[in-house]
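For reference, the structure discussed in these notes is given below.
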Amino acid sequence: MDLFVKVDTGTDNDYRWIINPLFLLLANWAMANVKVVATLFGITNQRSEAGG
21 MDLFVKVDTG TDNDYRWIIN PLFLLLANWA MANVKVVATL FGITNQRSEA
71 GG
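Residue numbering for the sequence shown is 21 to 72, as defined by the working numbering.
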């Protein structure tokens, strides 16, 4: 999955690079679920430390 996607503007050889909408959705979800993400990272960090 690329961060930037090429969009054909309709004219010959004229492409515009935009940020992949999936990344924007992912970023919005992450911002809305900061606690969930932090918890997940906290769990994985604790597991890796305990396992090491």
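By construction, the Cβ of each residue, glycine as well, lies at the ideal position given by its N, Cα and C atoms.
Each residue's CA atom was taken as its position, placing TYR35 and PHE24 some 12 Å apart. Closest option to ASP22, judged by alpha-carbon separation, among ASP28, ILE38, ASN33: ILE38.
Spanning the alpha carbons of PHE61 and LEU46 requires a straight line of approximately 16 Å. Straight-line spacing of the CA atoms in VAL57 and THR29 works out to 37 Å. Annotation: the continuous alpha helix (DSSP H) that includes ASN48 extends over 41 to 52.
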